[in-house]
Amino acid sequence: MKLYGSFTSPFVRHVRMVLLETGLPCEFIETDQAGSAAKSPTKRVPFLEDGETFLTDSSSIIKYLREKAGQEFCKTAKELDEFCLVNTALDTTVNLFFIKRDEVDIQTIPYLQRQAARIESTVAELNQLQLPVAPPYTDAQLRLACYIGWCKLRKQVDFTQHTTLENFYSGIQAYPAFQSTQPPQS
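Residue numbers (numbering that gives the first Met the number 0): 0 to 185.
Structure representation (structure tokens):
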């Protein structure tokens, strides 16, 4: 099995955490934008090759790995909804990060202003969740930790007013799979 990705991607980090939790053997191949554009129709990471199986989205990869290890992915509709809520914030924040990096002023484009507002309202909703400060963690919670970590790394969201999220993030710092997948600090 081969996982292609980058060390800074929050999507890849979640997959790497699942690999650590399941103990499944997998080769990690660091891939840049050119490599992902050449190998994946989505032109992004992660993607996974396992024999004839080729998966191009972190959610399907995580489901595949959990099932391969005899585990469940998002056991309830509520957990899946929380996972999707985090994904909404994550996708939107990552997209705005790259748009801003291309020197687009998001304040001048109404659609992008709505996307920024989506991040704010979604983070506020995530802050209302009942979150643990110690394992075990669900995949929705692991995704949330990867999101918060990436936002802090890239300085994209200020969580200081979201104490539930800050407490959760503080607690998951001690989780071995989270510690060992820490992206390089730049």
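All C-beta atoms in this analysis are idealised placements derived from N, C-alpha and C, irrespective of residue type, glycine included. Since this is a predicted model, take the numbers as computed values, not measurements.
Subject >> Per-residue DSSP class, three states only, for G22 >> reply: Position 23 of the sequence shown, counted from the first residue, corresponds to residue 22. Correct three-state label for G22: coil.
**OP:** Figure out for me which residue from V44, S120, E51 has the closest Cα to the Cα of V85.
**Re:** To locate residue 85, count along the sequence shown from 1; it is residue 86. Closest option to V85, Cα to Cα, is S120.
Original post:
By the 10 Å Cβ neighbour count, where 16 or more other Cβ atoms means buried, how is R12 classified, buried or exposed?
Top reply: As a position in the sequence shown, residue 12 is number 13, starting the count at 1. Under this definition R12 is a buried residue.
Subject >> Residues of its chain near L23, where Cβ-Cβ distance is below 8 Å and the 5 sequence neighbours each way are ignored >> reply: What you label residue 23 is simply residue 24 of the sequence shown in a count that begins at 1. Excluding positions up to five away in sequence, the list reads M0, L64, K67, A68.
Original post:
Per the contact definition of three or more C-beta pairs closer than 8 Å, is the segment 161-175 in contact with the segment 37-51?
Top reply: no
**OP:** Compute the Euclidean distance between the alpha carbons of Q32 and T7, then round it to the nearest angstrom.
**Re:** Taking the sequence shown and counting its residues from 1, one reaches residue 32 at position 33. Taking the sequence shown and counting its residues from 1, one reaches residue 7 at position 8. In a straight line, the C-alpha of Q32 is about 13 Å away from that of T7.
Original post:
Three-state secondary structure (DSSP) at Y174?
Top reply: Residue mapping note: residue 174 aligns to position 175 of the sequence shown, counting from 1. Three-state DSSP puts Y174 in coil, outside helix and strand.
**OP:** Inspect the CB distances between the segment 73-88 and the segment 112-130 and report whether three or more fall short of 8 Å.
**Re:** yes
Original post:
What is the DSSP secondary structure of D56, counted as helix, strand or coil?
Top reply: By one-based count along the sequence shown, residue 56 stands at place 57. Correct three-state label for D56: coil.
**OP:** Return the bridge partner residues of G4 from the DSSP annotation.
**Re:** Position 5 of the sequence shown, counting from 1, holds the residue named residue 4. The partner list for G4 (beta bridge, DSSP) reads E29.
Original post:
Could you give the C-beta distance for C73 and A139, rounded to a whole number, given that I count them as a contact under 8 Å?
Top reply: For the purposes of this step, residue 73 is taken as the residue at position 74 of the sequence shown. For the purposes of this step, residue 139 is taken as the residue at position 140 of the sequence shown. Right, the Cβ-Cβ distance comes to about 7 Å (below 8 Å), so this counts as a contact.
Original post:
Where does P183 land, buried or exposed, given buried means 16+ other C-beta within 10 angstroms?
Top reply: Here residue 183 refers to the residue found at position 184 when the sequence shown is read from its first residue. It counts as exposed.
**OP:** Measure the CB-CB distance between T162 and M16 and report whether it falls below 8 Å.
**Re:** To locate residue 162, count along the sequence shown from 1; it is residue 163. To locate residue 16, count along the sequence shown from 1; it is residue 17. In this structure, M16 does not lie closer than 8 Å to T162 by Cβ.
Subject >> Assumed close pair G170, P131 - CB separation to whole angstroms, cut-off 8 Å >> reply: For the purposes of this step, residue 170 is identified with residue 171 of the sequence shown, where counting begins at 1. For the purposes of this step, residue 131 is identified with residue 132 of the sequence shown, where counting begins at 1. Contact flag correct, Cβ pair sits at about 7 Å.
**OP:** Look up E186 in the DSSP assignment and say whether it is helix, strand or coil.
**Re:** Residue 186 lies beyond the residue range present for the chain, which begins at 0 and ends at 185; the question has no answer from this structure.
Original post:
Of all the options F10, G34, L125, which has the alpha carbon lying nearest to the alpha carbon of D56?
Top reply: Translated into the one-based positions of the sequence shown, residue 56 becomes position 57. If we check each option's Cα against that of D56, F10 comes out closest.
Original post:
F167 by DSSP, collapsed to three states: which one?
Top reply: Counting from one through the sequence shown, the residue named residue 167 turns up at place 168. In the structure shown, F167 sits in a helix (DSSP, three-state: H, G or I).
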